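Here is the structure we will look at, set down as structure tokens.
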Amino acid sequence: MKSIIPFFFLFFTILLVGQEHTHRSSRPLTFPDIPGYKSIKTDLHMHTVFSDGNVWPNIRVQEALRDNLDVISLTEHLEYQPHSQDIPHPDRNRSYEIALKEAADYDLLIVHGSEITRSAPMGHNNAVFIDDANPILQEKAADAFTEAKKQGAFVFGIILPGTPKTLMETLFSATFKKNALKMANFMVSRLLTLPITRRNP
Ligand SMILES: [Zn+2]
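Here the sequence shown is numbered in the working numbering, starting from 1 and rising by one per residue.
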């Protein structure tokens, strides 16, 4: 019996430490830098209770910190709001704002983004580096993409077959189709404009 007591003590100590508000991880993702380049670990397609996810936005931030990510975007579906009866969502920027606050003291960049979803041609598309999600919530797909383009967004996603070419050209990212370097430069230039509250020396 005596030997069990220290064991329990150790066990509960671990539990208490585990519940501390820490972001230290047992599962950090590491990707090596290619000589001359810096690898950035991102997840630019995430959901929370503000669309069809099942967690509050701060949990996504904590997960990203545990995974050692550098950049995330909570791309809530603008149109698809399955939790809206429980969580009213008049301001589509809410998820981003909560995540931004949660990440304020950490080296994690939060990119403002939204998912523009249509069952008809256009499909599921994420617009990242937006300024304001609310005006992107439009009835017509073309109006939604036009607004995202106006805000300087980068749009990517699944474009369903049958999408008219004219609508495709509305997509900002279509201009990057044959120029990966231009796309990478755009992404980096937008990342550099994000507010950084604290960076490690
Ligand atoms: Zn999605």
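Note that CB positions come from ideal geometry on N, CA and C, so glycine has one too.
Values in this document were obtained by computation on a predicted structure and should not be read as measured data.
With respect to L78, G113 sits apart: the two C-beta atoms are not nearer than 8 Å. DSSP, read as helix, strand or coil, puts F156 in strand.
Assigned with DSSP and collapsed to three states, N126 falls in strand.
Your pair A144 and V128 does not check out as a contact, with CB atoms roughly 14 Å apart and the cut at 8 Å. Cβ-Cβ separation between P57 and S95: approximately 5 Å, consistent with a contact (criterion under 8 Å). Within 10 angstroms of the beta-carbon of I87 lie fewer than 16 other beta-carbons, which makes it exposed. Assignment of T75 by DSSP, reduced to helix, strand and coil, places it in the coil class. A straight-line Cα-Cα distance of about 19 Å links V55 and T42. Going by C-alpha positions, D131 is about 11 Å away from R92.
At least one heavy atom of ligand 1 is found less than 7 Å from the C-beta of T75.
Assignment of S114 by DSSP, reduced to helix, strand and coil, places it in the strand class. For H124, the shortest C-beta to heavy atom distance toward ligand 1 is below 7 Å.
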